[in-house]
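Visitor:
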Amino acid sequence: MKKYWEMNTNELAEATSEFDEEFVADTFAEPPGQARARLAKSNRKRGRPKAGKGVKVISVSLEKGLLTKADKLAKKLRISRAKLISRGLESVLAAQDQ
């Protein structure tokens, strides 16, 4: 079979006539195991990058005024609230070790 760009108009029309039908995808067979796994992997969302040993989501209660100040500082530093809290906790732990 010729490559599509080497065909004349009539040959190209004949070679691609099967795609003129509606719902041609319904006639496709189920992909084999490896292809199905690759498809599932490509359809997954990217997710968060792993930081350190990973991330553990926790719930912490903070006084509203302190949270407001923290959010303002995080916005000023252009970092997330979680990153600000992590930096603060690391600072306290480092000071405790000394």
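As numbered in the numbering used here, residues 26 to 123 make up the sequence shown, in order. For each residue, glycine too, the CB sits at the ideal point set by N, CA and C. Note that the coordinates shown come from a computational prediction; the quantities given were computed from them, not determined experimentally.
So, using beta-carbon positions, are A99 and L109 closer together than 8 Å?
Guide: In contact: A99 and L109 (Cβ atoms closer than 8 Å).
Visitor: Would you mind reading off the limits of the alpha helix (DSSP H) that contains S67?
Guide: That run of the alpha helix (DSSP H) goes 58–68.
Visitor: Since E112 is in the alpha helix (DSSP H), which residue starts that stretch and which ends it?
Guide: Note on identity: in this sequence residue 112 is Arg, with Glu being the wrong assignment. Unbroken alpha helix (DSSP H) run through R112: 106–122.
Visitor: Check whether the Cβ atoms of A95 and R106 sit closer than 8 Å, and answer yes or no.
Guide: Yes, Cβ-Cβ distance for A95 and R106 is below 8 Å.
Visitor: Hey, could you find the ends of the alpha helix (DSSP H) T52 is sitting in?
Guide: Element bounds for T52: n/a, residue is neither H nor E.
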